[in-house]
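Chemist: One structure is given below, represented as structure tokens, and several questions about it will come after.
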Amino acid sequence: MNILDNFYFLAFLLVLSGCGLAIQGACNGTLGRLTAKSFAALASFGIGFIPMFLYFMIETHGSTNPTVSTNAFNEVPWWGWIGGALGVVYVFSQVLSIPKIGAASFVALVVPTQIIVTVLMDNFAVAGVKKRPLTWQRGLGCLGMVISVFVITKFSGTAEVMRPDAQPNTIVIELDDDEIPSSVTK
Numbered sequence: 000m001n002i003l004d005n006f007y008f009l010a011f012l013l014v015l016s017g018c019g020l021a022i023q024g025a026c027n028g029t030l031g032r033l034t035a036k037s038f039a040a041l042a043s044f045g046i047g048f049i050p051m052f053l054y055f056m057i058e059t060h061g062s063t064n065p066t067v068s069t070n071a072f073n074e075v076p077w078w079g080w081i082g083g084a085l086g087v088v089y090v091f092s093q094v095l096s097i098p099k100i101g102a103a104s105f106v107a108l109v110v111p112t113q114i115i116v117t118v119l120m121d122n123f124a125v126a127g128v129k130k131r132p133l134t135w136q137r138g139l140g141c142l143g144m145v146i147s148v149f150v151i152t153k154f155s156g157t158a159e160v161m162r163p164d165a166q167p168n169t170i171v172i173e174l175d176d177d178e179i180p181s182s183v184t185k
């Protein structure tokens, strides 16, 4: 049995992916805040390219049954090629918004949007997905997601502002000149 067909391995991979996306957002947001926003997005894709390229080489050259052929490229519809561009929108939105609204609010807005859009894609069989009807139960689940967005964003609290030169997990104490003891040199 191929490990990629194993239910438990796939479930583990999905949980790992969810954790990775949450952490990725905070990493990209910090990188964008401390450098240039466009650099953060470029770095995310540039660094991500390396393991994806290695996986591609293993999958296509390390197998006796390669999965990519010239004919396969000709069969892909136009919308099959826009995933990378949509990924850029996602990463760039992380870089721009997470420093302002926080990682939890970002995910709280993105995930329900993804679920609602994919439920509609299922219902209308868009972009090659198999048709799965929009039932009242699925609609109720979408409504619950919208309510969760409201609750998470409404009660997110006030963010602490971190100076750009401060490192995470460090304490920065700013004192006025009159508060510095004379025994400490400035």
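Here the sequence shown stands for residues 0 to 185, numbered as in numbering that gives the first Met the number 0.
Cβ coordinates follow ideal geometry from the N, Cα and C atoms, glycine included.
Say whether the segment 35 to 49 touches the segment 103 to 110, bearing in mind that this needs 3 or more beta-carbon pairs closer than 8 Å, one atom from each stretch.
Modeler: No contact exists between the segment 35 to 49 and the segment 103 to 110.
Chemist: In angstroms with no decimal places, state the Cα-to-Cα distance between asparagine 73 and glycine 156.
Modeler: Spanning the two alpha carbons is a distance of roughly 51 Å.
Chemist: Could you give the distance in angstroms between the alpha-carbon of isoleucine 57 and the alpha-carbon of valine 94?
Modeler: So the two alpha carbons sit approximately 31 Å from each other.
Chemist: Cα-Cα, which of Asn27, Tyr7, Cys141, Ile100 is closest to leucine 119?
Modeler: Here the closest residue by C-alpha is Cys141.
Chemist: In terms of residues, what are the limits of the alpha helix (DSSP H) holding aspartate 121?
Modeler: Taken as a continuous stretch (DSSP letters only), the alpha helix (DSSP H) holding aspartate 121 covers 102 to 123.
Chemist: Buried or exposed: asparagine 70, going by 16 or more other Cβ atoms within 10 Å of its Cβ?
Modeler: With fewer than 16 Cβ atoms within 10 Å of its Cβ, asparagine 70 is classed as exposed.
Chemist: Which residue from Cys18, Leu30, Pro111, Val125 puts its Cα closest to that of glycine 79?
Modeler: Checked all of Cys18, Leu30, Pro111, Val125; the closest Cα to glycine 79 is Val125.
Chemist: Skipping 5 residues on each side, what residues in its chain have a beta carbon closer than 7 Å to that of serine 43?
Modeler: Cβ neighbours of serine 43 beyond the five flanking positions: Asn27, Val90.
Chemist: Going by alpha carbons, who is nearest to glycine 138 out of Val116, Thr34, Lys99?
Modeler: That would be Val116, whose Cα lies nearest to the Cα of glycine 138.
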